[in-house]
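Numbering (our numbering), first residue to last: 617 to 683. Some notes on the structure that comes next.
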Amino acid sequence: MDDENVADLQRRFGPHPRLVRLLDFAGSTPLREVPDPYYKGNFDTVYQLVVDGCQGLLAEIRAEAGI
Numbered sequence: 617m618d619d620e621n622v623a624d625l626q627r628r629f630g631p632h633p634r635l636v637r638l639l640d641f642a643g644s645t646p647l648r649e650v651p652d653p654y655y656k657g658n659f660d661t662v663y664q665l666v667v668d669g670c671q672g673l674l675a676e677i678r679a680e681a682g683i
């Protein structure tokens, strides 16, 4: 869910146009990387970011499928 994850996947599988971060689908935040809540304890914020990204991803899937 962050640039390091993207880089790891690109090293392993090569570049792919559909390889994106979850927050690329988020509509209510300018952030593009989900922060690691372990060290900062910001679990509620991270949860809201993930929910926003998942809702945006679902909307994208529905739009592509025409549903």
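Glycine is no exception: its CB is placed at the ideal position from the N, C-alpha and C atoms.
- With fewer than 16 neighbouring CB atoms inside 10 Å of its own CB, L635 falls in the exposed class.
- Distance between C670 and A642, taken at the CA atoms: about 7 angstroms.
- Per the coordinates, the alpha-carbon of Y654 lies some 15 angstroms from the alpha-carbon of D618.
- Leaving aside the five residues that flank A623 on each side, none in its chain has a CB nearer than 6 angstroms to its CB.
- With fewer than 16 other beta carbons inside 10 angstroms of its own, L625 counts as exposed.
- The beta carbon of L673 sits closer than 6 angstroms to those of F641, all from its chain and outside the five residues before and after it, given in chain order.
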